[in-house]
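Here's the structure we're looking at; comments come further down.
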Amino acid sequence: MHGSRPEDGRHSTPDKPPRPRPWMRVIGSLAIFGFLVGLMIGRLFHPDAMHLKAVETQDDRLLLWFNVEPHVQISDAHGTFGLRFEGLGRERQGQLQIAGRAANWRVVRDGRELEVRVVAARPLRAEMDTREIEGRWRLTVRLAPR
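In full-length UniProt numbering, the protein residues as written are 1 to 146.
Written as structure tokens, this is what we have:
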């Protein structure tokens with residue numbers, strides 16, 4: 001009973017289980033902690049996603065409001081004018097007057113991208129202007145018949 005070797009149950013004191021080795025738990029905890037800190041740091045330096053906040057119409061213009069500076073791709077074919085960009089937003093639709101004639105516009109979601117389409121009876125040409133106003137970005141699309 002006084003030695004350093006484990007007892008085999010012959011006396012009144014119970015045998016102690018072998019001492020646990022928590023190295024795997026410590027290493028796993030450190031790995032998870034490092035992963036979470038990396039995610040937080042990556043989120044701090046990741047730019048905000050472009051978000052289409054609102055669409056307004058004024059005469060022959062579409063005013064598109066964004067939270068960051070928009071980067072758009074333009075498509076133009078047979079009376080349909082389109083703007084395509086990667087971002088977030090809701091689907092919407094409406095109508096505007098171009099040179100006294102009606103044209104329909106629609107915001108359509110295509111996976112991770114949004115597309116703003118303007119359909120008119122005659123081919124359209126567009127001029128675009130981007131400005132920052134009170135912390136928001138406004139993309140003005142002025143439409144006219146060709």
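All C-beta atoms in this analysis are idealised placements derived from N, C-alpha and C, irrespective of residue type, glycine included.
Residue range of the alpha helix (DSSP H) that includes residue i
{"i": "residue 172", "result": "The chain is shown only over 1 to 146; residue 172 falls outside these bounds and no answer can be derived."}
{"i": "residue 108", "result": "Careful: residue 108 lies outside any alpha helix (DSSP H), inside the beta strand (DSSP E) at 101-110."}
Proximal residues to residue i (C-beta, below 8 Å), its chain only, five neighbours per side dropped
{"i": "residue 142", "result": "60, 61, 126, 127, 128 and 129"}
{"i": "residue 73", "result": "83, 84 and 85"}
{"i": "residue 122", "result": "79, 101, 145 and 146"}
{"i": "residue 98", "result": "60, 120, 124, 143, 144 and 145"}
Boundaries of the beta strand (DSSP E) in which residue i is found, first to last residue
{"i": "residue 128", "result": "124-133"}
Residue i - DSSP class collapsed to helix/strand/coil
{"i": "residue 121", "result": "coil"}
{"i": "residue 94", "result": "strand"}
{"i": "residue 31", "result": "helix"}
{"i": "residue 116", "result": "strand"}
{"i": "residue 19", "result": "coil"}
{"i": "residue 37", "result": "helix"}
{"i": "residue 72", "result": "coil"}
Residues that residue i bridges to, as DSSP identifies them
{"i": "residue 77", "result": "80"}
{"i": "residue 65", "result": "54 and 138"}
{"i": "residue 145", "result": "124"}
From the options, residue whose alpha carbon lies closest to that of residue i
{"i": "residue 114", "options": "98, 54, 96 and 145", "result": "54"}
{"i": "residue 111", "options": "93, 92, 96 and 88", "result": "88"}
{"i": "residue 66", "options": "51, 56 and 73", "result": "51"}
{"i": "residue 63", "options": "20, 96 and 31", "result": "96"}
Beta-carbon contacts of residue i that lie in its chain and below 6 Å, excluding the five residues immediately before and after
{"i": "residue 124", "result": "81 and 143"}
{"i": "residue 106", "result": "93 and 117"}
{"i": "residue 136", "result": "65"}
Beta-carbon proximity list for residue i, same chain, < 7 Å, skipping 5 on both sides
{"i": "residue 49", "result": "87 and 88"}
{"i": "residue 119", "result": "79, 80, 103 and 104"}
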